[in-house]
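Everything below concerns the one structure shown next.
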Amino acid sequence: MTVLELEGEGDDWRLHLGGDWSLAALTQIEAQLKHIPGGLHGTLVCDWSRAEHPGIGPVWALLLHLTGLGASRLGISHTGDPPHFLELLQKLQSGEHAAPAPIHDGPSLEESVGKVGRWAVLQGSEARAVIGFFGRIVTVFREMFSRPRALRPSSLARHLYETGVTAIPIVSLIAFLISVIVAYLGAQQLSRFGADIFVVDLVTISVLREMGVLLTAIIVAGRSGSAFAAEIGVMQLNEETDALRAMGMNPIELLVVPRVLALVIALPLLTVVADAMGLAGGGLLSLLNLHIPLPQYISRLRESLSPTTFWSGLIKAPVFALLIAMVGTYRGMQVRDSARELGRLTTVAVVQSIFLVILADALFAILFVQIDF
Amino acid sequence: MAASIAATAAVPVIRVRGLVSRFGAQVVHNGLDMDVVPNEIFGIVGGSGTGKTVLLRTILGLRSPDAGTVEMYGQDVQRLAAVDRSSLVRSYGVTFQNGALISSLTVAQNIQLPLREYYPASESTLEELADLNLALVGLAHDDGKKFPSQLSGGMVKRAALARALALEPKLLFLDEPTAGLDPISAAAFDELLLYLHSQLRLTVVMITHDLDTLFLTCSRVGVIVDGHMITDTLDGLLQNQTPWIRDYFHGARARAAGGPAAAKDTHG
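From first to last, the protein sequence lines stand for chains A and B. For the first sequence, the numbering used here assigns the number 1 to the initial residue and increments by one for each residue that follows. For the second sequence, the numbering used here assigns the number 1001 to the initial residue and increments by one for each residue that follows.
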């Protein structure tokens, strides 16, 4: 259906507007507007007598298009019951600054180099910000000795409960299952040499040195790291942190330090739970699959342990906890302005804390081998 | 005044009958009736906790009434098929108390959001329409490129209005449009509203606490008292002897707003 029809020649044009001119017909109207030839001059009369339900948007598009066509050489007038808002639109149009569209060239060499430079500077300033954040946490820690009130026991207790106690079931389950899997697959290989009993060594050493603490850290990063970032992030969006600052309170002291401290306490404890469940899982599988009775499992377990095995795993836990809690809270404090930022930074918090945990674990592995721990 | 009396006879755009809203044991609306006629600016006032926003949310279909009916253009809002509902939603515009602009989109993208959803047009046309709506509410082209967090309070209210106008509604709901604005910005908003009301022939339903706004813009006002609505013209309400209404319109703040006395001059 045609919504506009151009009639006339030379200096005398008439534009018949008919059919549906509501917003719903916008696409169609837009397409037909393109068919009006350019370079018209003289007078143009728009006849609105057959247009139905004219909408503001389509009429606006028509006005802009006509102006673009004729520039100053076309005198436009309206007849036949034009829409009641036409005058308003004309007024807006005459006041309208012709906003020139920005011209986009491809990226020049200068721009590309500039981008790399900006990125480098950004990384540098971010590194400085991270160090500054760490410094502020340390300052609050130091203050705690002279001012015990800065410890915020109730807040600390809440975070201990949320990051520690509520994580026990999932951490136990996963540690148990993983050690069963390790023991099962190990037994498949070792039984070929008749060395079934070494399954115990495999489970003990892998769980105590690596698996227990690493799995716990990754689970906690997913659970609590994201929660820290999201919680503090929403507080940032609601200007709650600004409100705290305005009341003379330090958000680092109120929000960040309790979380960091709680996680540094909770993660080693969770690791002990994971270790215990892992050893239990290994024992159960040895009993059922390899028919090693429990007393024999325990005595073999004792033999396989060197004095440092347990501690070499556990000592990593507070370091991982510090990484997870700091990344989570730091990313939370970075949230600005929009809901999208909140989602992005929560994701970044989890991904980065898991990455840092694994990186730190690798460094620990090298260190322990070098010092024969 | 004559216009609003004539309008009262017309078919109501919104008709609420016997509305009951409950939150647990607390009854907010207890058989509330309300009519909004075409082409008027209808103000809703009431003390804190009398359920002004709840009423608005119920009319919009965001909340189901515990009893009673809400009709818009003669259709029961609760009993609409999904298709009719979607076309009904497109026929009105809403601004929320805090603007509720999508924070990850620019102002122009916020305005284009409903247009893009319902009417696939070319980018250049959408750009033009965003500019049009910005111009309608008195914002500049460059304001469209800003994110909501970069706007002042007054600009947020205007941007929200521009988004509400994007689908060319005949009916506009405003929840506290001038709350949090300085008196000059609030007055400018009132003028803008009156201007758009006359130019675009809108019906406006507005929750407001701003007495200046009430006196300047509203043709009729509904006061929620004890779960019921008392609807009258401002002149009528000024004579009303219900305690809350008397306090509201004759309190110190009302006098400071040039309320009763000034209103008698202009409306009487």
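Yeah, the Cβ is synthetic: ideal placement off N, Cα and C, and Gly gets one too.
Restricting to Cα atoms, I'd like to know which of the options is closest to residue i.
i	options	result
B:P1177	B:R1116, B:L1088, B:Q1078, B:A1164	B:A1164
A:T37	A:L270, A:T67, A:G233	Strictly speaking, residue 37 of chain A in this sequence is Pro, with Thr absent from that position. Comparing Cα positions, the closest option is A:T67.
A:C383	A:S146, A:H53, A:V59, A:G282	Residue 383 of chain A lies beyond the residue range present for chain A, which begins at 1 and ends at 373; the question has no answer from this structure.
B:E1117	A:L322, A:R336, A:L26, A:I298	A:L26
B:T1242	B:S1124, B:G1018, B:G1046, B:K1157	B:G1046
A:S304	A:I56, A:E162, A:L202	A:L202
B:P1120	A:G57, A:F145, A:T43	A:G57
B:V1170	B:G1061, B:D1232, B:V1205	The identity of residue 1170 of chain B in the sequence shown is Lys, whereas the question assumes Val. Per the Cα distances, B:V1205.
A:T79	A:I232, A:L314, A:L244, A:G18	A:G18
A:V348	A:R331, A:P83, A:A339	A:R331
B:A1160	B:T1095, B:S1048, B:I1059	B:T1095
A:G42	A:L314, A:A120, A:R300, A:L69	A:L69
A:V207	A:G281, A:F228, A:G248	A:G281
A:G75	A:L15, A:G164, A:V165, A:A129	A:L15
B:A1186	B:L1200, B:E1168, B:T1203, B:D1210	B:D1210
B:S1122	A:I29, A:R344, A:A217, A:A229	A:I29
B:L1060	B:A1188, B:L1234, B:Y1248, B:R1079	B:R1079
B:G1074	B:R1063, B:L1088, B:L1113, B:E1040	B:L1088
A:P82	A:A129, A:I218, A:F193, A:A51	A:A51
A:L323	A:M277, A:F133, A:G8, A:T309	A:F133
B:V1037	B:D1235, B:R1220, B:G1180	B:R1220
B:S1091	B:L1101, B:T1203, B:E1191	B:T1203
A:S22	A:L62, A:K34, A:E9, A:S108	A:L62
B:R1017	B:A1067, B:L1234, B:I1224	B:A1067
B:G1272	B:R1022, B:E1040, B:S1064, B:P1065	As displayed, chain B neither begins before 1001 nor continues past 1268, which places residue 1272 of chain B out of reach and without an answer.
B:R1015	B:G1051, B:G1024, B:T1058, B:A1025	B:T1058
B:L1200	A:F373, A:V180, A:L33, A:P54	A:P54
A:L44	A:G10, A:V121, A:L284	A:G10
Look up residue i in the DSSP assignment and give the residues it is bridged to.
i	result
B:I1224	B:G1046, B:M1229
B:E1071	B:R1015, B:D1076
A:Q188	Beta-bridge pairing links A:Q188 to no other residue.
B:Y1092	B:L1171
A:E409	Lying outside 1 to 373, the shown extent of chain A, residue 409 of chain A is not represented and no answer is given.
A:T79	A:D47
B:S1021	B:H1029
B:I1207	B:I1044, B:D1175
A:E52	A:D20
A:V220	According to DSSP, A:V220 bridges with nothing at all.
A:V207	According to DSSP, A:V207 bridges with nothing at all.
B:M1034	B:V1016
A:G42	A:L74
A:L4	A:L17
My understanding is that residue i touches residue j, with C-beta atoms under 8 Å, so please give their C-beta distance in whole angstroms.
i	j	result
B:A1166	B:G1144	Their Cβ separation, rounded to whole angstroms, is 12 Å, which puts B:A1166 and B:G1144 out of contact at 8 Å.
A:V220	A:A167	6 Å
B:V1077	B:L1019	With 8 Å as the limit, B:V1077 and B:L1019 do not qualify as a contact, their Cβ atoms being about 11 Å apart.
B:I1044	B:G1222	5 Å
A:A321	A:L288	About 35 Å; that fails the 8 Å criterion.
B:Q1097	B:A1162	The Cβ separation is near 17 Å, so there is no contact.
B:G1099	B:V1156	4 Å
A:I205	A:T309	6 Å
A:G225	A:V335	So it is not a contact: roughly 14 Å between Cβ atoms.
Would you check whether the ligand MN has a heavy atom nearer than 8 Å to the C-beta of residue i?
i	result
B:Q1239	Ligands displayed in this structure: none; no statement on the ligand MN is therefore possible.
For the stretch 1196 to 1208 of chain B, list every residue whose C-beta sits within 8 Å of some C-beta in chain A, in sequence order. Q1199, L1200, R1201
Residues from the stretch 1142 to 1155 of chain B in contact with chain A, defined by Cβ distance under 7 Å: F1147, S1149
Residues in the stretch 50 to 80 of chain A with C-beta within 7 Å of chain B's C-beta atoms, listed in sequence order? Listed by position along the chain: G55, I56, G57, W60, A61, L64.
Which residues, in chain order, does the stretch 1108 to 1135 of chain B contribute to contact with chain A at a C-beta distance below 7 Å? Y1119, P1120, A1121, S1122, T1125, E1128, L1129, L1132, A1135
Closer than 8 Å is the cut-off here; do at least three beta carbon pairs connect the stretch 133 to 146 of chain A with the stretch 226 to 238 of chain A? No, the stretch 133 to 146 of chain A does not touch the stretch 226 to 238 of chain A.
If contact means a Cβ-Cβ distance below 9 Å, which residues of the stretch 1157 to 1183 of chain B contact chain A? Per Cβ criterion, the list reads L1165, A1166, L1167, E1168.
Segment contact, 8 Å Cβ cut-off, at least three pairs: the stretch 1019 to 1037 of chain B with the stretch 1227 to 1236 of chain B: yes
Please determine if the stretch 1010 to 1021 of chain B and the stretch 358 to 368 of chain A are in contact, where contact requires at least 3 C-beta pairs separated by less than 8 Å. no
If you measure beta-carbon to beta-carbon, which residues of the stretch 321 to 341 of chain A are closer than 9 Å to chain B? Legend: CB atoms of the stretch 321 to 341 of chain A lying less than 9 Å from CB atoms of chain B belong to residues R336, D337, S338, A339, R340, E341.
Assess, as a yes-or-no matter, whether the stretch 258 to 275 of chain A is touched by the stretch 157 to 167 of chain A under the definition of 3 or more beta carbon pairs within less than 8 Å. yes
Do the stretch 322 to 342 of chain A and the stretch 270 to 289 of chain A make contact, defined as three or more Cβ pairs closer than 8 Å? Touching, no.
Do the stretch 113 to 123 of chain A and the stretch 82 to 91 of chain A meet, that is, are 3 or more Cβ pairs less than 8 Å apart? No, the stretch 113 to 123 of chain A is not in contact with the stretch 82 to 91 of chain A.
Check distances from the C-beta atoms of the stretch 11 to 38 of chain A to those of chain B and list, in chain order, the residues that come in under 7 Å. L23, A24, L26, T27, E30
Do the stretch 243 to 256 of chain A and the stretch 169 to 183 of chain A meet, that is, are 3 or more Cβ pairs less than 8 Å apart? no
Does the pairing of the stretch 302 to 318 of chain A with the stretch 225 to 234 of chain A give three or more beta-carbon distances under 8 Å? Because the criterion of three Cβ pairs below 8 Å is not met, the stretch 302 to 318 of chain A and the stretch 225 to 234 of chain A do not touch.
Return the residues of the stretch 1075 to 1108 of chain B that lie within a Cβ-Cβ distance of less than 7 Å from chain A, sorted by chain order. Interface annotation for the stretch 1075 to 1108 of chain B against chain A: S1103, S1104, criterion Cβ-Cβ distance under 7 Å.
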